[in-house]
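Here the sequence shown is numbered in the working numbering, starting from 555 and rising by one per residue. Think of the CB as a built atom: it goes at the ideal place given N, C-alpha and C, for glycine as much as any other residue.
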Amino acid sequence: MMDRPKDGPLALLLLLLGHMISALEVPLDPKLLEELPQPPTITHQSPKDYIVDPRENIVIHCEAKGKPHPSFSWTRNGMHFDIDKDPKVLMRPGSGTLVMDISGGERSEAYEGIYQCSAHNELGTAVSNSIVIRQSRSPLWSKERISPIIAQKGQSLILHCRPPAGLPPPIIFWMDNNFQRLPQSRRVSQALNGDLYFSNIQPEDSRSDYICYARFPHTQTIQQKQPISVRVLDMDSLNDTLADYLNDTDLFSDKPAEERAPVFMVPSESVSSKMVLRGEVLEMECVADGLPTPAVSWVKRNGEIPSGRASFLNFNKTLRIMDVSEADAGEYRCFAKNRHGSVHHSIRVTVNAAPYWISAPRNLVLAPKEMGIITCRAAGHPKPSIRWLVNGLPIEDAPKDPSRRVEEDTLIFSEVQTGSSAVYQCNASNLYGYLLSNAFVNILAEPPRVLTLPNIIYQVIRNKPALLECVVFGSPVPTITWFKDSRSSMLEGNAYVFHENGALEIHMSQPSNSGKYTCVARNNLGISENHVYLEVKEPTRILRPPEYQVVQRNRDVVFECKAKHDPSLVPTMTWLKDDRELPDDERFRVDSDRLTITDVTESDAGTYTCIMNTTLDQDSASAQLTVVEQPGVPTDLELTDPGARSVQLTWTPGDEHNSPIKKFLIQYEDALHQSGVWHNMTEVPGTKTTAHLKLSPYVHYSFRVLALNDVGFSHPSMPSRQFRTNPAAPDENPTEVKGHGTEHNNLVITWKPLTPLQANGPGLQYKVMWRQLDMEKDWTSVSVANVSKFVVSGTPTFVPYEVMVQALNDYGPGPKPSAVIGYSGEDFPSAAPGNVRILVLNSTLAEVHWSPVSLESVRGRLQGYKVHYSRERSLHRHNSHQGKQRTEIFSPNKTSGMLPDLLPYSVYSLRVTAFNGRGEGPSSVPQRFETPEGVPGTPSFFKVSAIDLDSLTLEWGPPHERNGRLSGYTFKYQTVNSKNDLGLLEELDLPSNQSSFTLHNLSHSTRYKFYISARTQRGSGPTLTEEAVTILDRAMVSPQVDIATQGWFIGLMSAIALLILILLIICFIKRNKGGKYPVKEKEDAHGDPEIQPMKEDDLTFGEYSDEDHKPLKGSRTPSSGTVKRDGSDDSLVDSGDTQFNEDGSFIGQYSGRSDRDATHDSSEPPSPVNAMNSIV
């Protein structure tokens, strides 16, 4: 041992200086390690206490590394072990591991001892722990004769095991002859030493095969003790049995075992002590005798039993504490207690400790002239002593080294020199063990080397830290500086962290941090540098996370997950279910940003997580899927508390299937009256599982229950057992009782019959009662069955009656019914309204007045008056069609009314009737009246018949609906330019007998628009328009040819007429065979789509719009925007000028020319198509 320096402050200064110097770490770079010299280091060795199996070869491990590779040697029991002298011992090549071959019958005991391995090269020697080799042993049980044990019921008993000592100790357990473990309990249990304890023995413990087994783990052998026979005597029963034969005299004078307070069997003394080492397992036990069996509990005085490391075993008789620490020392108490008392035992626990490391020595690499320290700090109880060795020899016996100083647990090195490398061993030991650790001091002189690969590209997410590595080696330790993009300025400041290992850290990476970085390493032997690159990427973020979904079973569900990421990174979308991979099921379909689950089942419910991954980061979001469906079927229907008209129904709800049950629907079946038909009875809230049901008499009830949640109803439950109610008289009478007449001399009494459920019993009948109101005192009655009406004949006309209907069955009548008022039948009114007067208000409206009929003549309840009127003819000779009859109905309190929608300039006839519920009475004397003139209708046609350079000839026809005497025509025209702008409007008045007009002095090649309307004394009617263009040259005018005079056209028309005749004959034949064939239907089916009816009141002038209407050649459009149908305004719907056959089809024709004729442009040359259109 080196002398300690007398100068204390100097030693303290050296110690602090040593702490300030960081030891040079040699990087584990394979290429670097191959080049650098290194003292030996033990890398693998066998455990200190090595128990070997005598049936296998002995292998003692010792592996080491170093440069040059170390050689190995061994000592055995402190002496050099020459392996060459024993052919059964060999050392593995390149290793220090020893193998003892005992396959030839050699005994492993011969190799027992203490072994230690040394690994050495030119820089030093490392040594292993002292390895104690011992052979495992499993000795046989000593033979002994075990006498049967006879015990008295209730006594305590111990069955000793006493297994042979083995290495390691055996594991003990008790079994019977059938190799079944014996049952243990609070009363019977195995102690830590293997003995079997009975707190009080019972007759059921009698057996002859209590066998203790010992299992030796190393040899995997099991040995057994001789079986122990135990017989338990019950003294009470034995005395009672013998007393019957010996005049009640006890054979055994000893009293049987009585109940007693607990007494400890283990430990036997009142106080015991236990020592345990730190880190080991502490086991304490207390086994008590007592009757009844005591209960055992544990406490720690002045402390708590550690809950995380403590466990109570063997029915609370054993307290085990794992990984014992100094805090577990103290006094523990176990308590045994039964109803007769309690007892406790104190165990004083002390905790000692084998040495353990506080700071193990570490390898030290120094450059020449540098300083350094190696520290060896260990703790234990008692405190361990520290001993230093160098290259396996005590340091005091090693050659002196002026650069080395020993300060208790510290080695101080200063001004080290090349060639002073060595391996130092620190041994820390006390009474309970030792620690041995190797640490080398390697003196190296190396220029800097940058070990980080060049041009590495580091990628990092924005706002995340970036760590740029610069692993260097050199001796002395190089200093490292960092530069960005260029070496003009060194990096510094709070934005950067420079680690001791040379790495550069950027706390919050920003796009501005991207670029080229250079690290430079320097020491007094040279300089080295390396370049790396940093790229800062945008973070990955989920923009639209999946949402919580509630879906019905067998439906589809879609989770969406939209994310963004740095465009230079490749994303990967992953979906998880409950933090695991998605099920391998084709129902799960993953697209780029969504997860679709089809035909959802209950097992699909859970948490779904979408994870967007890139090579640098990820983001995730989760959503819950809840699968709902109709509730499960209610079960266990039970009927309780039966009454005459009530019963209690209870049931068990089915599974809610993630949707709370809102209500239960209770249905019933009446097997007596409507078997197989279920009716709704009542509903109860979903929180209830019982219902008090009110019942009707004379019903054979069965009940079932349905549950309802947000998804729908469950399937019905199984029906309950049948519950029958007794018959009774009806509780109610028929409802909706009415009295009315269908003839002038009868009274029909009707009612709503009772249902079978309302009948309450068999033999249901109805007692029908009636009497004339205020005229008869007694009721007339009749009983009927299976009907819901009764007719009383021979009644006066329309008089009031009181009517009642009462239900009765075989068990009696129902409650007294209430009377309702009804009337006998009505007759037709006998008088017509008088004093009929007509006031014509205008050409389309008239007002009629009449005097009411007398109340006696009504002969019923007056419902009102009907005014029947029809158009007889028109006052104009050209339009004399008769109109159909129309009827206006007025309330009974009215004596006047309006007749709307009359046709102007017409003659009407009118009559008035009164009506009641039976029908109409006689008509009043017919009255006639005339309507004045109105404005005329649209001219029947308007066309251009001739076109020249500067003139145009126009033709028109009189209106079909003249509505008076025509007084003339209003003719207007104006130019239209290419932009559809209208010029100055010119107006002319023409006489009523004129039907054509020629305009002269017009501009050539100019478009004109024309307007014409007819007039009466009441004003002008609607306007027709036409457009035409004057020509540019007379040569463009082609002569008009009358196609109707052409021979080919006459032949074509004859063929068409013949074909139509044949079709009409076929239709007539089919109609006679299959029914009527109304011409109206045929007309509707083949109607011209260009012909539409015009409303009669549509008499306003239209306006020309150059936005919405493009003028067409030959167009003739009424100002109202519609084209009138050929003929009169008196259509089949609202005129009476059409004659009808007996079968309902009409005979008649439309007058006037066709609108299609009117819309033919005279400027176009004739063609066969146009000619056909003109006659269709």
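Counting beta carbon pairs with one atom in the region 764-779 and one in the region 719-731, are three or more of them shorter than 8 Å? yes
Check each candidate in F752, S1405, C1024, L1005 and name the one with the smallest Cα separation from S1748. Nothing in the structure corresponds to residue 1748, since the chain is present only between 555 and 1730.
To which residues of the same chain is E1484 closer than 6 Å at the C-beta, ignoring the five residues directly before and after it? V1461
How would you call F733, buried or exposed, if buried means at least 16 neighbouring beta carbons within 10 angstroms? exposed
For K854, three-class secondary structure by DSSP: strand
Starting from L1409, follow the alpha helix (DSSP H) in both directions and report where the run begins and ends. 1409-1412
Runs of beta strand (DSSP E) wholly within the region 833-882 (minimum 3 residues, chain order): 836-839, 841-845, 849-854, 864-867, 872-875
Determine whether the beta carbon atoms of S983 and S939 lie at a separation below 8 Å. yes
Assigned secondary structure, M829 (DSSP; H/G/I helix, E/B strand, else coil): strand
Rounded to whole angstroms, what is the Cα-Cα separation between T1204 and R1258? 10 Å
As a quick exercise: from V1154, D1332, E1092, pick the residue whose alpha carbon is nearest that of V1104. V1154
If we count Cβ pairs, one from each stretch, closer than 8 Å, do we get three or more for the region 1332-1348 versus the region 1363-1371? no
Segments assigned beta strand (DSSP E), at least 3 residues, entirely inside the region 694-722: 703-706, 711-713
Quick one: using the 10 Å Cβ neighbour count with 16 as the cut-off for buried, is S657 buried or exposed? exposed
Just grab the DSSP bridge partners of N984 for me. G987
DSSP on M574, reduced to helix/strand/coil? Caution is warranted here: a pLDDT of 40 is assigned to M574, below 50, making its placement in the model unreliable, and the coordinate value is therefore given only provisionally. M574 falls in the helix class under three-state DSSP.
DSSP on W1333, reduced to helix/strand/coil? coil
Measure the beta-carbon distance from N1167 to T1126 and round it to whole angstroms, keeping in mind my assumption that it falls under 8 Å. 5 Å
Cα-Cα separation between S1042 and A1117, rounded to whole angstroms: 42 Å
Taking one C-beta from the region 1020-1031 and one from the region 1172-1179 each time, how about it: are there three or more such pairs within less than 8 Å? no
Inter-residue Cα distance where the pair is E1661 and H1403: Residue placement at E1661 is flagged as unreliable, the pLDDT there being 38, under the threshold of 50; a coordinate-derived value is accordingly withheld.
Local conformation of M925 per DSSP, three classes: coil
Proximity of Q530 and V1090 at Cβ, strictly below 8 Å: This structure gives no information on residue 530, because the portion of the chain shown stretches from 555 to 1730.
DSSP three-state assignment for F1352, whether helix, strand or coil: coil
One question on the structure: do S1463 and E1410 come within less than 8 Å of each other, judged by their Cβ atoms? no
Inter-residue spacing [alpha-carbon to alpha-carbon] between R855 and C888: 11 Å
Beta carbon of D1224 nearer than 8 Å to that of P1137: no
With distance defined between alpha-carbon atoms, name the residue in T1161, H1211, H1246 nearest to Q1202. H1246
For the alpha helix (DSSP H) containing Q1312, list its first residue and its last residue. 1310-1313
Using a Cβ-Cβ cut-off of 6 Å (strictly less than) and excluding sequence neighbours within five positions of R1490, which residues of its own chain qualify? Note on residue identity: the sequence assigns Pro, not Arg, to residue 1490. For P1490, where only same-chain residues beyond five positions count, the Cβ hits under 6 Å are P1513, R1516, N1517, A1568, T1570, G1575.
To the nearest angstrom, how far is it from the Cα of H1269 to the Cα of N1280? 31 Å
CA-to-CA distance, Y1527 to E1581, given in whole angstroms: 9 Å
Roughly how far, in whole angstroms, is the beta-carbon of P915 from the beta-carbon of A993, given that I think they are within contact range, below 8 Å? 3 Å
Does the beta-carbon of A797 have 16 or more other beta-carbons within 10 angstroms, so that it is buried, or is it exposed? Confidence at A797 is low in this model, with a pLDDT of 48, below 50, so the placement of that residue should be treated as unreliable; the coordinate-derived value is given next. The residue in question, A797, is exposed, as its Cβ has fewer than 16 Cβ neighbours within 10 Å.
In angstroms with no decimal places, state the Cα-to-Cα distance between W1510 and F1525. 11 Å
Spell out a yes or no on whether the region 871-888 and the region 900-910 are touching, meaning 3 or more CB-CB pairs, one atom from each, closer than 8 Å. yes
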